[in-house]
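Chains as they are written, first to last, in my numbering: chain L, 1 to 360; chain E, 1001 to 1360; chain V, 2001 to 2360; chain P, 3001 to 3360.
If you want it as structure tokens, here you go:
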């Protein structure tokens, strides 16, 4: 078990940042589902680096090539494989890093685990680049979910100390779409400007900064998920923690709940205008006892600051066992949180499509 | 997939709060491991309700009975099953709740999922009582781990806004043991008094309060875990979110990392006095790229306030589709976070023992 | 992964032959399913030893006690646990076997695997006795399947060289029931007499004999199962080989197909009287490309002769590394194939219920 | 779960016969393992069609291209992906088959399962062509196993009624190699001539014929595998039944055991010349209680006759619900059993490498 998740629908991700190609196999997709390649590309492009200082200069131009599972634009039931060839790689930059691990990266742990055989050019299999194939899977899942009335959307909730608005109680598809179409994926553009300024400040000081992403899933009926370890929280968290740089996941009020009184945190049940049972508010994040309660599923993921920074850092030479001062050259984002927004959507979408496929 | 987790060592939990019995099957334990029943009982007793206002009056006196997998005090290789008979149940209290779901509980979601057939007396299979069998599994895992030099410990880090100290950079077994032996599992007794006062205040206002638990695993070599979805964070989070009332999980600096600069968050590598590569600090929580880096694995879990409160709450009648005012009788904890401390240790211990059993 | 199988519905079996108890946890059963305990007991009794020379004298009188998952005779959604207490054990008989492994048994492999800690009294966890909890799971699965129009039946097809009739092209529930009600589970009683005589002959020569069981599942629509390793054949075979003493599994024509011409083996498609597509015959055993084709699923399992025989056998002392002549005392069946008939049904029923629960 | 198997090392197969490409992802391979591409190609070539009447004319020339997981000829720890581009396809031949399913093929079941969206050109994902990626995985597994002293070999044991010799009690690597290097993979060339004549006879009558493959694994210590459903038999059978056209699997004496006396079938334990415990013979096929006993693991797989035959066959039109006479054009093997020999080795090798990776 490693670069794979999902139960009925399995997503298996392969590739290294500077290898021949990266890609994904999706086994178990329903047959006859149209894949809108333009929409998928638009989704993929949301995680691409931009043209300004906020992102790296490497222009990946990632266009997935479907080599199985799709015929005439429709899933055919067989496992789907999509591949993105790597190009525009500058591996020279990474040669010297092999024995001087970058702090905050997986260089050291991969070195230990794989006995020095790891291909860590550009971060290798641990690179944020591997989130591109996850976005292929998630983008397809989102398209299938939307046909079932289920929508997955996310926004950048904070950068450093600068915060966006929270999602409203019932975020709708229009809001998701509006955020997705922005260059900077926030609800409040004013907050977005403050966040961008924060990223600029980090960049100016040759540093980086982290952020928090808020994600919501709407249109999901009550009754999906299982008690205890088969709960929706367990399954989303396991997928989202598989995204590089995620260090925290919380549902509904999350860590804030730990400071609340029960009378404050409990979501009262009410009868809505259609006569259905629903909740007055959503501090549970749409999940009670691991099972969806019909409210939007809402969670947040903490993204650590990009570990690659231009400042000199203290590290060691793994062979000589000596202290070293490491200066990382190359192209690096001062922040990856805004680029990770569609990635978090992707991870959530695959989990939710699995839940739907399994049935209640 | 539901009330089960683990790969090489599978833990499968069964039972309802007011059913005949609760218990656990552990399949895949190494053979020949001594189970110190007194030590296990001491561990189990840490989650038992106390004798004061801080916990419910129900005296569970949970003593596991091993009905398979143990011979002469040693694991014999066959799946281990341990059972705790239920007693001292007052199910009458719950009869009227069947169609009026308690806010914050799984009553409604279980009702939807299981078509009204759910046995929800005392919370049924969703009850915190089901953490007792998890503690059997975790307590056994802890004993096995300790023989391999790996120790798992936790403390109550906060109640409401009152906070304990954080674990030191290298918590040791003595600290774990000292916390475990206290009536109230904190590092700083002064902080503990403030927390207990906070629980008292919640109780006095017929309310409840949440908290945060900090857990650490020491003695784990670098190299355990897999990239992406097989990472240690994914696996611990999936297990810990399976514990009722957990709404957030974070590793190392966690959500705080989102507010940090990269230069601040990155843990510099150093050579320690024994000539080994290690980190100067531990904001990564011992995990880089999903793989252990040899530092203690450190994570925190947010526990929501007990949903059962004595105050009247708004709910609905699921059949009549009418609004109802619900008053919950019976015995309920104003806080469960302190009782959940060994439970979080248990979930972590099972994951870590799996990692060790799988090898690097 | 060990004594557990199933995907959406997981069956986890525990216990040792001469331990405190044996039992099963079934996680993922649909809620609201009635468990007819009398019918279940009748099913369980089919694997019980009889009162004549054909079976051992140990009277197990296995009555499962449900300790979770069942309320008022209905499944409640929570994991079901059923336990059978062991009694009438004569462990003395096995003491001397600990270091002199019985040929054909798991004594030696368990000794190696579990470092001599294995509890092998009566065969321990490897005993045929562990098929009793499998029958609990299978018996419940059969009841649920029958409500969906799916029936699982089996008969003893051969003992030594003596053969019963094969199932007709479309075996029906009445035939399944008729076989199940017989003391000796065959279609043709005349063939049954020949088989029983063969068992008697084996018993008279202080020996044992094997047999083949044929099992069929009717009422299953086309479209269940997945291609390749998720195929129905893979899943049934994995479950059935988990039954002690099974050494071969074949579907439809099976090994006979290897001797056939394609024109002979292919099942022509026809339109039946209701206008549905079906097959003229069933040499595929109801499965094409791993997926059900709407014909009955038919397979056979080869059961080896009981390894415990009264004749002296050559073995070794594992500590002294010396040759030994082993004489097995105690109660042993000259044949277990007839008792294994419901066990094979049980394994198949759990697989099929999983397929139905997953959907097409 | 579908076109994937393995636990610690997962093999996920994708592609359709006439799609863009076929391939495999192998997740969890140990790092630093050399992949001898020439040896792998030689292994792959063993399943390629030959130049005579015994195989189809399509010249696949399958050369895997590694797009991840291999650097400088060594596995690097990251998931390995290998792709084979499809070429020399004549899909026209299959157009008319879409609504007239070929008997013995998965056309009908795929049609039902995937609602007519299945890409069944050339058999689609169900084609024997998908065994090429399985051979990539298996060929790599074999290379890794051989470095650990474990060897996997197979031979064609029978075609129709013509039989080869059985493997000797201890087949060695030299024998495996000798068989592998032959054009026709048998032990006895004289038997091979009889088998080839049988295939010729089938071809002359516009028909096909099946066969049985015998496979052995040597060098495996005692103690691998788990009791019951985690047994070696369950795991090998699940993998081997995932190979198209396999209809039966048996271990050791297999179905023959059902006709044997216990005194005949039991393998006496002896002390070998090195003072180790071993067996005098191997009717258990190297497995007792699901666990290896140190003898070679030996099993046989029944391969049905190629369903594609030139003779007219009865089928139906799935839309018109009318009877049809189907004549299959195109290139088809009169027998696939000899080509399936390395495929069975491949399936077994992946299972065995998993067992070794998991440890005892």
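We put the CB at the ideal spot given by N, CA and C, even for glycine. Being a predicted model, the structure only gives us computed values, none of them experimental.
- In this structure, the beta-carbon distance from residue 3319(P) to residue 3099(P) falls below 7 Å.
- Excluding five sequence positions before and after residue 2147(V), none of the CB atoms of its chain fall closer than 6 Å to its own CB.
- Between the region 1229 to 1240 of chain E and the region 233 to 241 of chain L, the count of C-beta pairs closer than 8 Å reaches three or more; the two stretches touch.
- With a threshold of 7 Å between beta carbons, residue 77(L) makes contact with chain P.
- Residues of chain L whose Cβ lies closer than 7 Å to the Cβ of residue 3029(P) do not exist, since the nearest Cβ in that chain is about 10 Å away.
- No Cβ of chain L is located within less than 7 Å of the beta carbon of residue 1131(E).
- Taking a cut-off of 8 Å on C-beta distances, the region 1242 to 1260 of chain E touches the region 1294 to 1307 of chain E, as three or more cross pairs fall below it.
- The beta-carbon distance between residue 104(L) and residue 17(L), rounded to whole angstroms, is 16 Å. This is too long to meet the 8 Å contact definition.
- The shortest C-alpha to C-alpha distance from residue 3031(P) to any of 3049(P), 3078(P), 3261(P) and 3175(P) is the one to 3078(P).
- One finds 3268, 3269, 3270 and 3280 in chain P with Cβ atoms closer than 8 Å to the Cβ of residue 2314(V), taken in chain order.
- In this structure, residue 1024(E) lies away from residue 1110(E), with their beta-carbon atoms at least 7 Å apart.
- The beta-carbon separation of residue 1296(E) and residue 1212(E), rounded to 18 Å, does not stay under the 8 Å limit for a contact.
- Within the region 2016 to 2049 of chain V, contact with chain E at the beta-carbon level (separation under 8 Å) is assigned to 2016, 2019, 2020, 2021, 2022, 2023, 2025, 2027, 2028, 2031 and 2032.
- Distances from the alpha-carbon of residue 2131(V) to those of 2172(V), 2234(V) and 2012(V) put 2012(V) closest.
- Boundaries cannot be given for residue 2205(V), as no alpha helix (DSSP H) includes it and DSSP labels it neither H nor E.
- For residue 1238(E), no CB of chain V lies under 7 Å from its own CB, so it is not counted at the interface with that chain.
- The beta carbon of residue 313(L) sits closer than 7 Å to those of 103 and 326, all from its chain and outside the five residues before and after it, given in chain order.
- At a cut-off of 7 Å between beta carbons, residue 3119(P) contacts chain L.
- The alpha helix (DSSP H) runs lying completely inside the region 1291 to 1354 of chain E and spanning 4 residues or more number zero.
- In terms of CA proximity to residue 1004(E), 2028(V) leads the group 2028(V), 2272(V), 2167(V) and 2076(V).
- Look at residue 1081(E): its C-beta is under 7 Å from a C-beta on chain V.
- In the structure shown, residue 1081(E) adopts extended strand secondary structure according to DSSP, grouped into three states.
- Residue 3084(P) and residue 73(L) have their alpha carbons spaced roughly 22 Å apart.
- Proximity of residue 3014(P) to chain L, defined by a Cβ-Cβ separation below 7 Å, is satisfied.
- Shortest Cα-Cα distance from residue 160(L) to any of 1186(E), 1261(E) and 1280(E) involves 1261(E).
- Around the Cβ of residue 337(L), a 10 Å sphere holds 16 or more other Cβ atoms; the residue is buried.
- Fully enclosed beta strand (DSSP E) runs of no fewer than 3 residues occupy 3151 to 3159 of the region 3123 to 3211 of chain P, in order along the chain.
- By the criterion of at least three beta-carbon pairs nearer than 8 Å, the region 3343 to 3353 of chain P is in contact with the region 3149 to 3157 of chain P.
- Unbroken alpha helix (DSSP H) runs of no fewer than 4 residues, entirely contained in the region 2023 to 2049 of chain V, are found at 2037 to 2045, following chain order.
- When C-beta atoms of the region 1251 to 1267 of chain E are compared with those of the region 247 to 259 of chain L, three or more pairs fall below 8 Å, so the two segments count as touching.
- Residue contact with chain E for residue 2165(V): absent (no Cβ-Cβ distance below 7 Å to any residue of chain E).
- Shown here, residue 2003(V) sits in coil according to DSSP, grouped into three states, outside any helix or strand.
- When DSSP states are grouped into helix, strand and coil, residue 3259(P) belongs to the helix group.
- Going by DSSP, residue 2109(V) is part of the alpha helix (DSSP H) stretching over 2107 to 2113.
- Counting only residues of its own chain and dropping the five nearest sequence neighbours on each side, residue 339(L) has a CB closer than 6 Å to the CB of 47.
- Looking at the backbone, the Cα of residue 173(L) and that of residue 288(L) are separated by about 24 Å.
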